[in-house]
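Q: Quick one: the structure is below, questions incoming.
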Amino acid sequence: MYGSRSYTALPKGRRGTFGAATEDDFLTGEPRQIPSASALSVRTLAFRGPIPTLTTLAARHFVENIQTLSSNEELWRYARVWLKRLPDILVPKLFIMLQRSCPNLLSHGFITLYFLRGPSILLTSALPGVQKQTIASVTRNDTLHELHLIGFDKYQDSLFASLVSSLPQLRILVLRGCTRVSVRTAKAAASRRFLAKVNFNYTGVTPASLSDILCSCSSLEVLKVAGISSWTDATFARLLNRLSETNVVLNSLRNLKLRQLSLSDVSLQPFLARCPNLKRLDVSFTHVRRSPFGTNPIPTLEKLTLTSTNMPPMDIITLIASLPHLQTLALGAIGGGGQRSFGTAGSLSAVVMTDEALAFLTDTLIALNDLDKVSLVGNAKLGLTSRDNGALADFVRRVGRRLKQLNLSGLQYLRSRDMCGLMGETSEDPPRLEELSLNHTGVDDEAAPYLSRCSSLVSLRLAGTKITSRLFSLRACFLLICLCSTGAGLFPIVDACPKLEQLDLTSCRGIKVADRRRFFDVCVLMCVEFLRCI
């Protein structure tokens with residue numbers, strides 16, 4: 024029942040669809056490439072999804088056995104013949120699987136000979152075999168539709184510009200983390216008039232050079248330009264002037280990410296007025312102070328991220344009330360972004376998420392039937408004035424339990440009793456939660472009966488909490504698991520959540536360091552030991 028494996032969590036990079044709970048939204052310490060005491064405990068459960076296709080099963084089998092095949096000259100010669108014959112449509116899937124499983128086997132020669140074909144190509148700087156010549160060789164695939172080059176910060180703008188210019192059928196261009204990508208590449212991208220998705224996150228693209236793309240690519244649906252230090256209201260004005268001169272309206276744009284840019288309402292409001300059909304918007308870590316739409320019509324957003332902005336909570340609530348189809352909402356560390364110029368403590372408190380503001384937010388969110396994901400990470404004042412059945416407990420009871428993903432990490436005043444809303448009125452009404460983050464909160468073993476109600480839970484993050492695995496005896500273990508009584512710690516949670524696959528127990532002092540990465544194994548051993556004792 025509790026088969027397990029464990030690994031050290033690797034950084035996911037700055038990626039992901041806007042509004043999702045990405046690494047950028049977690050302001051508190053998440054496990055990265057750190058010692059074994061700071062890692063996830065993971066188990067693999069029996070496969071319950073749809074039956075994989077035959078091509079998927081064959082690809083998995085090849086990846087699992089590639090080490091054996093490559094060590095046998097005769098077998099490897101035979102395998103390479105079939106690699107050459109592999110249909111183009113299957114090449115990208117196999118290449119990605121190999122990157123995840125055995126990146127060290129993917130040399131420059133091996134990649135260029137077998138994997139630079141098909142409709143899409145993904146290369147990252149994490150692959151040791153990728154060289155400048157590897158990237159340049161992509162030009163041979165003149166039917167390429169989708170290109171992802173991630174994290175190549177050593178190569179000049181001219182390399183990427185030349186590459187993009189040679190791909191006439193390009194539809195999706197992702198150059199995230201290629202820091203030297205700039206004006207030349209943007210100009211080349213503007214010549215690919217059928218581009219539908221562009222990701223220039225953490226590059227050197229300027230607002231002026233981006234204006235060429237916006238004016239030329241009328242089919243653009245996704246635009247991501249996060250984390251570019253040169254973007255300010257002054258530099259962005261050139262883009263706004265160009266759009267005004269050409270009277271461009273971005274009717275096709277659905278997904279816009281302007282994260283970590285030094286842009287204020289002066290820039291955001293006139294630009295968003297030209298995006299009438301937006302579905303996803305990320306303006307986190309910007310200088311926005313009021314509704315980014317101003318007095319303009321508000322599109323029917325499905326995802327909204329305002330993490331670490333100085334937008335007053337009541338303005339946020341007013342905006343959310345006009346978004347009946349909202350599915351994902353990220354309101355992390357409200358009042359913690361932009362350039363503060365407040366004169367008094369009173370004006371500062373006006374942009375901090377408080378228990379009073381949370382009560383109004385709860386009343387607003389309860390009316391959003393499509394809402395699935397909410398992040399309140401890092402709002403340090405929440406719970407400060409609460410007692411039993413306070414604003415946090417009310418939020419969990421009325422909103423939190425019907426979500427699929429909830430992030431309350433970094434709420435230092437959150438206590439176990441605030442999770443009592445997970446209990447529900449009847450045993451036949453369990454919470455819908457699949458992912459719950461309570462890192463660096465005040466929850467302890469008293470939360471066990473509440474968390475045990477989340478039978479659909481897949482991922483539970485409890486880093487830096489007071490949760491424990493203490494048991495007085497094996498017989499007590501059995502009774503605590505059966506009765507799920509207060510003080511039982513993690514064991515009843517694992518037992519009551521059959522879908523649970525990930526536990527983050529980083530810095531949980533109530534759990535032995537050696538057990539934090541293998542807690543599912545510990546559960547198995549406890550059960551076996553108990554059976555021996557009865």
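The sequence shown begins at 24 in the numbering used here and counts up one residue at a time.
Glycine included, every Cβ here is placed at the ideal spot set by N, Cα and C.
From a predicted model like this one, the values you see are computed outputs, not experimental measurements.
Answer yes if the region 405-422 comes into contact with the region 432-447, meaning at least three C-beta pairs across the two stretches below 8 Å, and no otherwise.
A: Result yes; three or more Cβ-Cβ pairs closer than 8 Å.
Q: Buried or exposed for Ala-81, going by 16 or more other Cβ atoms inside 10 Å?
A: Ala-81 is exposed by the Cβ-count criterion.
Q: Is it true that the CB of Ser-492 sits closer than 9 Å to the CB of Lys-427?
A: The answer is no: Cβ separation not under 9 Å.
Q: I need the DSSP call for Asn-402, collapsed to helix, strand or coil.
A: If DSSP states are grouped into helix, strand and coil, Asn-402 belongs with coil.
Q: In its own chain, which residues sit with a C-beta less than 7 Å from the C-beta of Leu-139, not counting the 5 before and 5 after it?
A: Cβ neighbours of Leu-139 beyond the five flanking positions: Ser-160, Val-161, Arg-163, Asn-164.
Q: Using a 10 Å radius around the Cβ and a threshold of 16 neighbouring Cβ atoms, would you call Ser-94 buried or exposed?
A: Ser-94 should be labelled exposed.
Q: Between the Cα of Gly-533 and those of Lys-489, Gln-154, Val-547, spot the shortest distance and give me the residue it belongs to.
A: Residue Lys-489 is the option with its Cα nearest to Gly-533.
Q: Using only CA atoms, which one of Ala-519, Phe-118, Leu-485, Pro-521 lies nearest to Arg-540?
A: Measuring from the Cα of Arg-540, the nearest candidate turns out to be Leu-485.
Q: What first and last residue would you give for the alpha helix (DSSP H) that runs through Arg-455?
A: Neither: Arg-455 is in no alpha helix (DSSP H) and is coded neither H nor E.
Q: I need the DSSP call for Glu-451, collapsed to helix, strand or coil.
A: DSSP places Glu-451 in coil when its eight states are reduced to three.
Q: Quick one: Cα of Pro-453 to Cα of Asp-305, how far?
A: Near 32 Å, if we compare the C-alpha coordinates of Asp-305 and Pro-453.
Q: Tell me which residues share the same chain as Lys-179 and place their Cβ nearer than 7 Å to its Cβ, disregarding the 5 neighbours each side in the sequence.
A: The sequence given here has Gln at residue 179, not Lys. Around Gln-179: Arg-203.
Q: My guess is that Val-400 and Ala-356 are in contact by the Cβ rule of under 8 Å, so how many angstroms apart are they, rounded?
A: Rounded, the Cβ-Cβ distance is 7 Å, consistent with contact.
Q: Could you tell me the alpha carbon to alpha carbon distance between Val-114 and Cys-125, rounded to whole angstroms?
A: When rounded, the distance between both Cα atoms is 16 Å.
Q: Quick one: complete beta strand (DSSP E) runs, 3+ long, within the region 148-176?
A: If we require 3 residues or more, the beta strand (DSSP E) runs fully inside the region 148-176 come out as 169-173.
Q: Just to confirm the assignment, what range does the beta strand (DSSP E) spanning Leu-327 have?
A: 326-328 is the span of the beta strand (DSSP E), which, as asked, contains Leu-327.
Q: Measure the alpha-carbon distance for Arg-476 versus Ala-519 and round it to whole angstroms.
A: Looking at the two C-alpha atoms, the distance is approximately 7 Å.
Q: Distance check for Ala-537 and Ser-59, CA to CA, integer angstroms please.
A: Residue placement at Ser-59 cannot be trusted, given a pLDDT of 43 that sits under 50; what the coordinates show is reported in the next sentence. Going by the C-alpha atoms only, they are around 8 Å apart.
Q: Spatial neighbours of Phe-495 within its chain, please: CB distance less than 7 Å, with the 5 preceding and 5 following residues excluded, ordered by chain position.
A: Reliability of the predicted coordinates at Phe-495 is poor, the pLDDT of 43 falling under 50, and the value obtained from them is presented with this limitation in mind. Nothing listed; no residue qualifies.
Q: Between the region 281-298 and the region 338-351, do three or more beta carbon pairs fall short of 8 Å?
A: They do not touch, by the three-pair rule.
Q: Nearest by alpha-carbon distance to Cys-238: which of Arg-216, Thr-464, Gly-72 is it?
A: The shortest C-alpha separation from Cys-238 is found at Arg-216.
Q: Would you mind listing the alpha helix (DSSP H) stretches within the region 184-234 that are 4+ residues and don't spill past its ends, in chain order?
A: Correct list: 206-213.
Q: Quick check on the DSSP output: the beta strand (DSSP E) that includes Arg-303 runs from which residue to which?
A: Counting along the chain, the beta strand (DSSP E) containing Arg-303 begins and ends at 303-305.
Q: Within 10 Å of its beta-carbon, does Ala-353 have 16 or more other beta-carbons around it, so buried, or fewer, so exposed?
A: Counting Cβ neighbours within 10 Å, Ala-353 comes out buried, since at least 16 surround it.
Q: Find the nearest neighbour of Asn-333 within the set Ser-252, Ile-340, Val-311, judged by alpha-carbon distance.
A: The candidate whose alpha carbon is nearest that of Asn-333 is Val-311.
Q: Hey, could you find the ends of the alpha helix (DSSP H) Ser-94 is sitting in?
A: Unbroken alpha helix (DSSP H) run through Ser-94: 77-94.
Q: What did DSSP end up calling Asp-411 once you bin it into helix, strand or coil?
A: Three-state DSSP puts Asp-411 in coil, outside helix and strand.
Q: Only counting the same chain, and skipping five residues up and downstream in sequence, which positions put a Cβ closer than 6 Å to that of Lys-247?
A: Contacts found: Asn-222, Asn-224, Lys-280.
Q: Please give me, in chain order, every unbroken run of the alpha helix (DSSP H) with length at least 4 that falls completely inside the region 251-276.
A: Runs found: 256-269.
Q: Which of helix, strand or coil does DSSP assign to Gly-444?
A: Gly-444 falls in the helix class under three-state DSSP.
Q: DSSP state of Gln-428, grouped into three classes?
A: Three-state DSSP puts Gln-428 in a strand.
Q: Shortest alpha-carbon distance to Asn-89 belongs to which of Lys-155, Gly-174, Arg-424, Leu-128?
A: Looking at the sequence itself, residue 89 is Ile, so the reference to Asn does not match. Here the closest residue by C-alpha is Leu-128.
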